[in-house]
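J.: In the UniProt record's numbering, the protein residues as written are 1 to 250.
Glycine residues also receive a C-beta, built at the ideal position from the N, C-alpha and C atoms.
I have a structure I would like to understand better, so I am pasting it below and will then ask my questions one at a time.
So, in structure tokens, the structure goes:
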């Protein structure tokens with residue numbers, strides 16, 4: 001898989017460093033390098049298939065953060081992501097709000113860059129996989145079972161809730177693990193939205209990042225549970241819900 005990207009920085013040395021890192025990374029393809037956010041905006045318009053921006057924040061005329069907000073208004077941030085590069089750590093929270101994939105603090109090494117690039121590779125790999133998996137592979141239709149509908153790219157997929165093991169939340173998308181599939185379904189929604197679709201008698205959010213199918217729990221301790229091949233440690237926020245589950249678990 002090749003990820004098309006643009007490097008944006010108004011400092012020539014910083015820009016050239018990012019470009020050199022991109023060129024050393026086999027799965028990244030440099031489409032353009034830009035010395036301002038305005039130039040980058042034009043480049044994005046000229047190259048609508050660009051997926052990833054390595055974007056400096058403090059720049060003259062238009063800041064990287066302002067550019068990120070413009071991009072978010074014009075296209076889904078799920079198929080175009082941003083990795084911020086900056087010398088100022090006070091922008092981390094604002095970067096999260098605009099859906100930044102990662103946040104590199106200058107000066108950063110090639111190892112730091114590679115970790116952020118690997119995160120982008122994992123994201124876009126799952127994104128592409130979700131688009132290519134056929135509906136028939138994901139659906140097990142029986143009339144007497146409950147279902148939910150998940151948005152998987154350009155289609156709604158009907159999923160038998162009886163096959164759900166657990167659901168993992170990852171920022172603006174979630175992974176749904178099934179007992180009849182080797183790979184999870186990737187759906188572009190939030191864990192909170194998905195929690196509201198599921199029956200509370202069968203599913204419970206017992207961790208910030210996980211919803212658990214209660215009948216798929218294999219073992220419990222006083223502060224953790226095991227489902228499929230993972231162990232979920234219960235935090236204080238969910239200890240009351242976990243205590244309620246323990247009282248009825250057998």
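1. Which partner residues does residue 7 have in the DSSP bridge list?
2. Taking the beta strand (DSSP E) that residue 2 falls in, what are its first and last residues?
3. Among 163, 69, 111 and 79, whose alpha-carbon lies nearest the alpha-carbon of residue 126?
4. For residue 167 and residue 60, what's the separation of their Cα atoms in angstroms?
5. Could you please give me the residues that DSSP links to residue 160 through a beta bridge?
6. Rounded to whole angstroms, what's the CA-CA distance from residue 237 to residue 207? Just pull it up for me.
7. Can the beta-carbon of residue 150 be found less than 9 Å from the beta-carbon of residue 157?
8. Given a cut-off of 9 Å, decide if residue 101 and residue 112 are closer than it, judged by their beta-carbon atoms.
9. Distance, Cα to Cα, residue 205 vs residue 35?
10. Tell me which residue opens and which closes the alpha helix (DSSP H) that residue 13 is part of.
11. Does the distance from the C-beta atom of residue 64 to that of residue 8 stay below 9 Å?
12. Where do the N-terminal and C-terminal ends of the beta strand (DSSP E) with residue 100 fall, by residue?
13. What residue does the alpha helix (DSSP H) around residue 192 start on, and which one ends it?
14. What span of residues does the beta strand (DSSP E) with residue 224 cover, start to end?
15. Run through DSSP, which three-state label would residue 185 get?
16. What does the alpha-carbon distance come out to for the pair residue 174 and residue 152?
17. In three-state DSSP terms, what is residue 70?
18. According to the Cβ coordinates, are residue 40 and residue 53 closer than 9 Å?
19. Does DSSP put residue 173 in a helix, a strand or coil?
20. So, for residue 70: in the same chain, excluding its five sequence neighbours on each side, which residues have a beta-carbon less than 7 Å away from its beta-carbon?
21. Among the residues of its own chain, which have a CB less than 6 Å from the CB of residue 141, if the five just before and after it don't count?
22. Does residue 115 have its Cβ less than 9 Å from a Cβ in chain B?
23. Which residues in the same chain have their Cβ closer than 8 Å to the Cβ of residue 108, if we skip the five residues on either side of it in sequence?
24. Buried or exposed: where does residue 252 fall if 16 or more other Cβ atoms within 10 Å of its Cβ makes it buried?
25. For residue 219, does the three-state DSSP call read helix, strand or coil?
26. Buried or exposed: residue 2, going by 16 or more other Cβ atoms within 10 Å of its Cβ?
T.: According to the structure shown:
1. Beta-bridge pairing links residue 7 to 33 and 54.
2. Premise fails: residue 2 is in no beta strand (DSSP E) and is neither H nor E.
3. If we check each option's Cα against that of residue 126, 79 comes out closest.
4. Cα to Cα, residue 167 sits roughly 43 Å from residue 60.
5. Beta-bridge pairing links residue 160 to 147.
6. Distance between the alpha carbons of residue 237 and residue 207: 8 Å.
7. Less than 9 Å separates the beta-carbon of residue 150 from that of residue 157.
8. For residue 112 and residue 101, no; Cβs fall outside 9 Å.
9. If I take the Cα positions, the gap works out to 46 Å.
10. That run of the alpha helix (DSSP H) goes 12-23.
11. Here residue 64 is near residue 8, since their CB atoms are less than 9 Å apart.
12. First-last for residue 100: undefined, no H or E at that position.
13. Run containing residue 192: 191-197, per the alpha helix (DSSP H) assignment.
14. It spans 224-227 - the beta strand (DSSP E) in which residue 224 sits, taken as one unbroken run.
15. Reduced to three states, the DSSP call for residue 185 is strand.
16. When the Cα atoms are used, residue 174 and residue 152 turn out to be separated by approximately 11 Å.
17. Note: residue 70 maps to helix in three-state DSSP.
18. If you check the CB distance, residue 40 and residue 53 come in under 9 Å.
19. In the three-state scheme derived from DSSP, where H, G and I count as helix and E and B as strand, residue 173 is classed as strand.
20. These residues qualify, in order along the chain: 41.
21. In this predicted model, residue 141 has a pLDDT of only 39, less than 50, meaning its place in the structure is not dependable enough to derive any value.
22. In the structure shown, chain B cannot be found, because there is only a single protein chain.
23. Within the same chain, and ignoring the five residues on either side of residue 108 in sequence, the residues whose Cβ sits closer than 8 Å to its Cβ are 85.
24. Past the edges of the chain, shown from 1 to 250, lies residue 252, and the structure says nothing about it.
25. The three-state secondary structure of residue 219, taken from DSSP, is strand.
26. With fewer than 16 other Cβ atoms within 10 Å, it is exposed.
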